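J.: Pasting a structure here, questions to come.
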Amino acid sequence: MAATLLTGAAAVTCESPTPAPPLTGNTRYVFLVDTSASMEGAGDSAKIFQKVKAALLQFTQTSPPGTEVQVTTFDEGVKGTQRFILPADRANFTAHVNSLRANGQKTYVNRALAETYRALRDEAKANTVIYVLTDGKDNEYGSQKQLREFARDYQLNRGTFDWLYYVTLGLSTPADTRSTLAPLPNTRLLSNSPGQLPAFSLVTIQPGRLDLGNLQLTPEVQRDLSVRVQGTAPKLQFRVDSPELDQHGAFLDVLPSAAQATQLKDVTFALRNAQNLPPGTYAATLCLSGPSTGIIQPGTLPLTFAFHPQAQYALTLQGQDAVSLPRGAETVQTYKLDAVNRWATMPVTLRAPEIAGLDVTVNGAPSAEVNPGQTFEVKVRNDRMTRNMPAMVAPVVTAPGAQVGAPPPFSVTQPATFWERFGVGLALLGALLTGLVIFLVRKRRPWGTLSSEQTPGKPRKLRGDVVEVAKLLGNSELNGLTFKGRTRPLIAAIPDDLVLRIGPSRLEVDDPLESGEPMTVVRNGVEIETLTYQKT
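So this is what it looks like as structure tokens:
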């Protein structure tokens, strides 16, 4: 609802910096509403009461969850107080506001203000905004004493983010009220023309301070602001105050210079005329202002920035540049961060690299901040790295606006295990031994049997590559007769004085041994032995 403010809008001036409340902190709104009959037009007054009720409903429409709203009505003292938690109690709040009636005969505003604040003072709650809405002067005899007691009480107990709005509707603020309340911090006295209400608002801005970085390297930077608006979104004005820059003919420009609170998000800062600005660090203040009916928390934002050449750092490895790390083992390597120039004063963030098979930490954590001149440790544990594939390990550096020399890496390799080192040789040796065993077993395994008529008994086993029959049977008359066995059993040698026959057929050297066929041994026409070979 449009309003004609008799006090006008606040000028763009910077006050002393005050912190901003956290955006998660809720504000308690206390509406001290005059319900004397004049609010409904009695005595030729302007009808304002319905507008007051509508303003209460509109102002609380955007209340964040958990917001407490207190409505206290007064005429001849406090008539009643109701509290609501929005938005949960919105229906009850709306019904209560709509039920209010203005039919009192007195306007004891000073008494009502003092009593209400005494009750609020004893409650441990922060961020309280009190709105006094009245269309008349206090008409209780001697009430100035109560107003002064309130002022003293409020001065002593006011919270950092507490505000008092004393709004007179259709008349100027009484002189005695102005002289008592105007000196109080975070207090505004507003007067409106008959039938008009101010558009109240509360704007909370975060963060409470801004670091603009190094403006010599980047003269123009952008920063994000988080804005929460309660009530009507006002138009805000901005400017930067920096006496330090003024001394050298430089200034810090801010864009936009004005914006609706709901449209405020990105703010651009640009350093101008900095050719005579000495290197160093500087402070400034962002001044925010709007209509006098609105609260801006904070009204000032401290700004800090640097103006100097790029900071330079160097990292040195104080440990080994190559490490052999068995699986499951750990190693710790030490680095040192040094300042190369005098502008390298800020900490640098060092992050552990991600390497397959290795668990890497910096000072025992995924990342760490290290100041110039400090050492830090990079710990590496071999969880499951691949053999014969060395890994190069070095911390990852994050230092916006600064130059940091590449961190010297160290290599990590996994040494061969006993089996990896000797496994092939042992396998070959095993195969060789296995073959030898097989060979020996096969060599000792009989490849047949030989029966003899002259040497009765159990057949003799034929073993080895060459068998001397005389030794096998213990019969010297068979000296020189040898058989050769295994894959193809045959007659290896027959002495000249012996003849071997199977039936009528004479056997010769290299003839195969026929399994189950009796062989007759003849010397000088006389049969001296009968041998029978049996394959096994």
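Each residue of the sequence shown is one higher than the last, beginning at 2 in my numbering. Even for Gly, the Cβ is constructed at its ideal location relative to N, Cα and C. Values in this document were obtained by computation on a predicted structure and should not be read as measured data.
(1) According to DSSP, is Y336 part of a helix, a strand, or is it coil?
(2) With a cut-off of 8 Å on the beta carbons, I'd call L326 and V381 a contact; round off their distance for me.
(3) Quick one: what's I206 bridged to in DSSP?
(4) Exposed or buried, which one is T25 when buried takes at least 16 other CB atoms within 10 Å?
(5) Tell me which residues share the same chain as V31 and place their Cβ nearer than 6 Å to its Cβ, disregarding the 5 neighbours each side in the sequence.
(6) Taking the straight line between their C-alpha atoms, what separation do you get for D242 and Y314?
(7) Counting Cβ pairs, one atom from each stretch, are 3 or more of them under 8 Å apart for the segment 265-282 and the segment 170-186?
(8) Closer than 6 Å by C-beta to R502: which residues in its own chain qualify, once you throw out the five before and the five after it? Chain order, please.
(9) Between the Cα of G232 and the Cα atoms of P220, I296, D212, which residue gives the shortest distance?
(10) Am I right that R328 and V268 are in contact with their C-beta atoms under 8 Å? What's the rounded C-beta distance?
(11) Between the alpha carbons of I206 and Q319, how many angstroms are there, rounded?
(12) Closest to T219 by C-alpha separation, out of A403, R446, P408, T533, would be which residue?
(13) Would you be able to state if there are at least three C-beta pairs under 8 Å between the segment 189-197 and the segment 151-171?
(14) What is the C-beta distance between L226 and L265, in whole angstroms, given that I count them as a contact (C-beta under 8 Å)?
(15) Using alpha carbons as the reference points, say which of D139, N140, T117 lies closest to L1.
(16) So, does the CB of G44 fall closer than 9 Å to a CB anywhere in chain D?
(17) By DSSP, does D254 sit in helix, in strand, or in coil?
(18) Where does S453 fall in DSSP's three states?
(19) If the criterion is Cβ atoms closer than 9 Å, does the pair E150 and A120 meet it?
(20) Under the rule that 16 or more other beta-carbon atoms within 10 Å means buried, what is P505, buried or exposed?
(21) Taking Cβ positions, are A353 and V379 nearer each other than 9 Å?
(22) Does DSSP put P303 in a helix, in a strand, or in coil?
(23) Tell whether a beta-carbon distance below 9 Å holds between F377 and P396.
(24) In angstroms, rounded to a whole number, what distance separates the CA positions of F162 and N93?
(25) Among residues of its own chain, excluding the 5 on either side of A312, which ones have a beta-carbon nearer than 6 Å to its beta-carbon?
(26) For the beta strand (DSSP E) that A608 lies in, which residues bound it at each end?
(27) Rounded to whole angstroms, what is the Cα-Cα separation between E454 and E509?
(28) Just verifying my parser: in three-state terms, what is the DSSP assignment at M40?
(29) Decide if I492 is buried, meaning its Cβ has at least 16 other Cβ atoms within 10 Å, or exposed.
(30) Straight-line CA distance for V394 to F239?
(31) Taking the beta strand (DSSP E) that D154 belongs to, which residues open and close that run?
(32) On the DSSP letters alone, give me the boundaries of the alpha helix (DSSP H) that Q51 sits inside.
(33) Using only the alpha-carbon positions, how far apart do E518 and L479 sit?
(34) Using alpha carbons as the reference points, say which of R385, T350, N342 lies closest to D360.
T.: In short, the structure shows the following:
(1) strand
(2) 7 Å
(3) V228
(4) Reliability fails at T25, whose pLDDT of 49 lies under 50, so the model's placement of it is uncertain and no value is given.
(5) Q71, I131
(6) 33 Å
(7) no
(8) T521
(9) I296
(10) Contact flag wrong, Cβ pair sits at about 54 Å.
(11) 47 Å
(12) A403
(13) yes
(14) 6 Å
(15) Examination of residue 1 is not possible in this model, given that the chain is present from 2 through 537 alone.
(16) Among the chains of the structure shown, chain D does not appear; only one protein chain is present.
(17) strand
(18) strand
(19) no
(20) exposed
(21) yes
(22) strand
(23) yes
(24) 28 Å
(25) W344, A345, A403
(26) Look at the range of the chain in this structure, 2 to 537, and you will see that residue 608 is not part of it.
(27) 21 Å
(28) helix
(29) buried
(30) 49 Å
(31) It is not in any beta strand (DSSP E) - D154 instead sits in the alpha helix (DSSP H) that spans 145-158.
(32) 50-60
(33) 18 Å
(34) R385
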